[in-house]
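Heads up: the sequence shown at position 161 corresponds to 176 in this note's numbering, and the numbers run straight through without jumps.
Virtual Cβ for every residue (Gly too), placed ideally from N, Cα, C.
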Amino acid sequence: MEDWKRPINDYDVILDTHGHKVSININVPKLAAENLHFQTWGSARVLAGQLHTIPLDKDTFRDGKVGVNILELGAGTGLAGLAAAALWQTETILTDLAPFVPGLARNIEVNQQALSERGAKVLSGALDWNAPAELPLFSDDPAKPDRILSSDTDKASVIIAADTLYSEEHPRMLASAIFAWLKRSPEARVIVCYPLRVAYLDIIRDLWQVLEEGGLEALIEGKEEIKDEVWDDERLHEWCVFRWKEGS
Numbered sequence: 016m017e018d019w020k021r022p023i024n025d026y027d028v029i030l031d032t033h034g035h036k037v038s039i040n041i042n043v044p045k046l047a048a049e050n051l052h053f054q055t056w057g058s059a060r061v062l063a064g065q066l067h068t069i070p071l072d073k074d075t076f077r078d079g080k081v082g083v084n085i086l087e088l089g090a091g092t093g094l095a096g097l098a099a100a101a102l103w104q105t106e107t108i109l110t111d112l113a114p115f116v117p118g119l120a121r122n123i124e125v126n127q128q129a130l131s132e133r134g135a136k137v138l139s140g141a142l143d144w145n146a147p148a149e150l151p152l153f154s155d156d157p158a159k160p161d162r163i164l165s166s167d168t169d170k171a172s173v174i175i176a177a178d179t180l181y182s183e184e185h186p187r188m189l190a191s192a193i194f195a196w197l198k199r200s201p202e203a204r205v206i207v208c209y210p211l212r213v214a215y216l217d218i219i220r221d222l223w224q225v226l227e228e229g230g231l232e233a234l235i236e237g238k239e240e241i242k243d244e245v246w247d248d249e250r251l252h253e254w255c256v257f258r259w260k261e262g263s
């Protein structure tokens, strides 16, 4: 049984250069899958604080546009995706392994008022990176999807992935999901963030190589360090925004 009574953590998301903020509440029930635990990793915290610095064309999320506005891959607790929804005031879909979907749904629920006040809508679903063609979306019953999106017809304008590299297979798997779901448009963006753990530097380089070979190029990049005194993992994180190369 999931422990839904664990403390809720509050994270301030910066909305603009004037310092306006919105608070995102994150509940961390005891969920696990494939040796991973449901928790908020440092990259999600860093990305939630950096999204307001990333320029996006205002037409990227214009009303009536076909497909998904923002898709988060490997969402964890959903902090980065929730921050993106609130910041850009649009619909976002948080995805992860199926056992984590109830946790995502819970965090959508506890932030519903803040999201509504920002004109944002957030959904949750399970996405298998090894078979990314279909994305089941859930609301009340995690065993019965409300509907199933297709990567052929429901591509995303923006894809977010924070701290999703844990093995040599992950660059290929993550890239497979990105290429399946990212729109082929000049405005489409991929936003990734990861800790610069020494043991994973080769995996990070592999991700860049796979994305570039697939037709993407780095547009903006930066580094940010977590200054939290109690943080016991790698503090330095790198984030990068990719787009399709011209003519790719």
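Residue of the options minimising C-alpha distance to residue i
| i | options | result |
| --- | --- | --- |
| cysteine 208 | His252, Leu94 and Ser191 | His252 |
| proline 114 | Ser139, Leu30, Leu130 and Leu216 | Ser139 |
| arginine 212 | Asp178, Trp259 and Glu261 | Asp178 |
| glycine 118 | Glu132, Gly89 and Leu66 | Gly89 |
| tyrosine 215 | Lys238, Glu183 and Ala120 | Glu183 |
| aspartate 31 | Arg60, Ser58, Pro70 and Ala135 | Pro70 |
| threonine 68 | Ser200, Val225, Leu180 and Ile29 | Ile29 |
| leucine 226 | Pro201, Val256 and Ser200 | Val256 |
| glycine 237 | Trp254, Leu86, Leu231 and Trp223 | Trp254 |
| asparagine 84 | Leu164, Val116 and Ala120 | Leu164 |
8 Å Cβ cutoff met for residue i and residue j
| i | j | result |
| --- | --- | --- |
| isoleucine 175 | isoleucine 206 | yes |
| phenylalanine 76 | tryptophan 103 | yes |
| phenylalanine 153 | proline 160 | yes |
| asparagine 24 | valine 43 | yes |
| alanine 203 | serine 166 | no |
| threonine 110 | alanine 141 | yes |
Which residues DSSP lists as bridging residue i, in chain order
| i | result |
| --- | --- |
| lysine 238 | Glu253 |
| isoleucine 174 | Leu86 and Val205 |
| lysine 260 | Beta-bridge pairing links lysine 260 to no other residue. |
| phenylalanine 153 | Ser139 |
| arginine 162 | Leu152 |
With a cut-off of 8 Å, do at least 3 Cβ pairs link the region 93-100 to the region 183-193?
no
In chain order, which alpha helix (DSSP H) runs of at least 4 residues are fully inside the region 113-149?
116-125 and 127-132
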